[in-house]
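Mind the numbering: the sequence shown is residues -17 to -1, 1 to 256 in mature numbering (1 follows the signal peptide of the UniProt record, and there is no 0), read in order. Even for Gly, the Cβ is constructed at its ideal location relative to N, Cα and C. As the structure is a prediction and not an experimental result, all values here were calculated from the model. Worksheet: the structure to be examined is printed underneath.
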Amino acid sequence: PCTRRTLSLLVMGLAAAGGFVLGPRRPPTRLASLLYSSTEEEHLVRQVEAFDSMAVLFTLGLQPETEHSVRHLSRQFLKQMAEKRGSQDGYKLLDVGCGAGLLFGFLLQAAQELGWKLDITGVDISPAMVNFAKDYAGQLMEDMGEQHAIEVLEEDAVKYLRENIGTYDGIIANRCFGNFWDPQEAVDAMAGGLRENGVLCISHPAGAEFVEEVRRKSPEITLNGMPTIEELTSMIAPGKLQLLEFTEEVDWADAEDGERLPIYYASAVKSAE
């Protein structure tokens, strides 16, 4: 049976099972989008169809190493956000491309440990994903009481952010950056949605090379690779964001011989006007 406590990267593992050879990262550009969809609207329809069809796979349990990486990136994001925004009664977060709600439980668990209240909005373009995320959010609210809030919306994240300028203390785009039609437009929109000193996080718990494998297997769905530190630094500059952290490995206590896990974690803070 499916587990609602944590969610899975199994669908990406299935995509990566083809056994192809890794090459250099493909930079995030709009040209990649045009190879498979002639318009943004066509691309969004393709995304909805793809993720609706495999939404149930995102409700399965995580492998231990993936769970460790998701827990790490969730906690690090919250700590950096609170440090930059300062102490306050609660923090307002946006989970971009929330899928079936993978981050909700990890974010709330970290907030409980740190003694913080969270008001989370999750947005996703897939109706099936949104339905799963709403169910999961309801279960979390029953388990954790009324000190937190989660709202899940069926929305195109970029369009939603254009209508919600300066709204969030923190915005996280986890496991979804490769799916944007125009990565620069997406970064600009996320920067616009932040309050002063708010924190943006772009992440993937399995790392950039894994995303590149998935992109090579399904380039019509995963259009772009994860940006390098140089590319990301250039992308965030127009939105008055300054890089806080760029990490591609994380320690794992259960690893043998000092092995480190791949991860992609990049964060940036919005400068005060």
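Practice problem: Check whether the Cβ of residue 179 lies closer than 8 Å to any heavy atom of the ligand ADP, and answer yes or no. | Solution: The model on display carries no ligand, and the ligand ADP is accordingly not part of it.
Self-check item: Proximity of residue 82 and residue 34 at Cβ, strictly below 9 Å
Solution: Locating residue 82 in the sequence shown gives position 99, counting from the first residue. Locating residue 34 in the sequence shown gives position 51, counting from the first residue. Cβ distance < 9 Å, so residue 82 and residue 34 count as in contact.
Quiz prompt | Rounded straight-line distance, which links the Cα of residue 112 to that of residue 32 | solution = For the purposes of this step, residue 32 is taken as the residue at position 49 of the sequence shown. For the purposes of this step, residue 112 is taken as the residue at position 129 of the sequence shown. Distance between the alpha carbons of residue 32 and residue 112 is about 11 Å.
Quiz item: Which residues mark the beginning and the end of the alpha helix (DSSP H) in which residue 95 is found?
Solution: Counting from one through the sequence shown, the residue named residue 95 turns up at place 112. In the DSSP annotation of this structure, the continuous segment of the alpha helix (DSSP H) that includes residue 95 starts and ends at 85 to 97.
Quiz item: What separation, rounded to the nearest whole angstrom, lies between the Cα atoms of residue 127 and residue 149?
Solution: Against the sequence shown, residue 127 aligns to sequence position 144. Against the sequence shown, residue 149 aligns to sequence position 166. The alpha-carbon atoms of residue 127 and residue 149 are separated by roughly 28 Å.
Quiz item: Does the beta carbon of residue 149 sit closer than 9 Å to a beta carbon anywhere in chain B?
Solution: Among the chains of the structure shown, chain B does not appear; only one protein chain is present.
Quiz item: Any idea what DSSP makes of residue 229, helix, strand or coil?
Solution: Here the question's residue 229 lines up with position 246 in the sequence shown. In the structure shown, residue 229 sits in a strand (DSSP, three-state: E or B).
Exercise. Please report how far the alpha carbon of residue 144 lies from the alpha carbon of residue 77, in whole angstroms.
Key: On the sequence shown, residue 144 is found 161 positions in, with the first residue counted as 1. On the sequence shown, residue 77 is found 94 positions in, with the first residue counted as 1. Each residue's alpha carbon lies about 10 Å from the other.
Exercise. Take residue 117 and list the residues in its own chain whose beta-carbon comes closer than 7 Å to its own, dropping the five residues that flank it on each side.
Key: Position 134 of the sequence shown, counted from the start, is the residue given in the question as residue 117. Result list for residue 117: 135, in chain order.
Self-check item: Ranges of the beta strand (DSSP E) found wholly within the segment 162 to 221, counting only runs of at least 3
Solution: Complete beta strand (DSSP E) runs here, min 3: 177 to 187.
Exercise. May I ask you to verify whether the segment 45 to 62 touches the segment 211 to 219, counting CB pairs closer than 8 Å and requiring at least 3?
Key: No: fewer than three Cβ pairs fall under 8 Å.
Exercise. Hey, could you find the ends of the beta strand (DSSP E) residue 75 is sitting in?
Key: Residue 75 sits at position 92 when you count from the first residue of the sequence shown. First-last of the beta strand (DSSP E) with residue 75: 74 to 79.
Quiz item: Hey, residue 246 and residue 52 are a contact pair by Cβ (cut 8 Å); roughly how many whole angstroms apart?
Solution: Translated into the one-based positions of the sequence shown, residue 246 becomes position 263. Translated into the one-based positions of the sequence shown, residue 52 becomes position 69. At roughly 5 Å, the Cβ-Cβ gap stays under 8 Å, so residue 246 and residue 52 are in contact.
Quiz item: residue 258 and residue 181 look like a contact to me (Cβ under 8 Å); what is the Cβ gap, rounded to whole Å?
Solution: Residue 258 is absent from the structure shown; the chain starts at -17 and stops at 256.
Quiz item: What did DSSP end up calling residue 253 once you bin it into helix, strand or coil?
Solution: Position 270 of the sequence shown, counted from the first residue, corresponds to residue 253. Of the three classes helix, strand and coil, the one that applies to residue 253 here is strand, per DSSP.
Quiz item: What are the boundary residues of the beta strand (DSSP E) that residue 35 is part of?
Solution: By 1-based counting over the sequence shown, the position of residue 35 is 52. Unbroken run through residue 35 is the alpha helix (DSSP H), 23 to 36; no beta strand (DSSP E).
Quiz item: Does DSSP put residue 236 in a helix, a strand or coil?
Solution: In the sequence shown, the residue the question calls residue 236 occupies position 253. Residue state, collapsed to three classes: coil.
Quiz item: What residue from 206, 90, 160, 147 has the CA that sits closest to residue 60's CA?
Solution: Against the sequence shown, residue 60 aligns to sequence position 77. Looking only at 206, 90, 160, 147, the smallest Cα-Cα distance to residue 60 is reached by 90.
Quiz item: Between which two residues does the beta strand (DSSP E) harbouring residue 135 extend?
Solution: Along the sequence shown, one-based indexing puts residue 135 at 152. Segment 132 to 137, the beta strand (DSSP E) holding residue 135.
Quiz item: For the alpha helix (DSSP H) that contains residue 101, what are its first and last residues?
Solution: By one-based count along the sequence shown, residue 101 stands at place 118. Note, residue 101: premise wrong, no alpha helix (DSSP H); beta strand (DSSP E) at 101 to 107.
Practice problem: Classify residue 206 as buried or exposed, calling it buried when 16 or more other Cβ atoms lie within 10 Å of its own Cβ. | Solution: Along the sequence shown, read from residue 1 onward, the residue named residue 206 stands at position 223. It counts as buried.
Quiz item: Can you list, in chain order, the residues of its chain whose CB lies under 8 Å from that of residue 73, leaving out five sequence neighbours each side?
Solution: The residue labelled residue 73 in the question sits at position 90 within the sequence shown. Excluding sequence neighbours, residue 73 sits near 99, 100, 101, 102.
Quiz item: Given residue 57, which residues of its chain have a CB within under 7 Å of its CB, disregarding the five upstream and five downstream residues?
Solution: Residue numbering aside, residue 57 sits at position 74 when the sequence shown is read from its first letter. The residues are 86, 89, 90, 93.
Practice problem: Name the two residues that bound the continuous alpha helix (DSSP H) containing residue 147. | Solution: Within the sequence shown, the letter at position 164 stands for residue 147. That residue, residue 147, is in no alpha helix (DSSP H); it is neither H nor E in DSSP.
Quiz prompt | 9 Å Cβ cutoff met for residue 106 and residue 161 | solution = For the purposes of this step, residue 106 is identified with residue 123 of the sequence shown, where counting begins at 1. For the purposes of this step, residue 161 is identified with residue 178 of the sequence shown, where counting begins at 1. Taking the C-beta atoms as reference points, residue 161 is found no nearer than 9 Å to residue 106.
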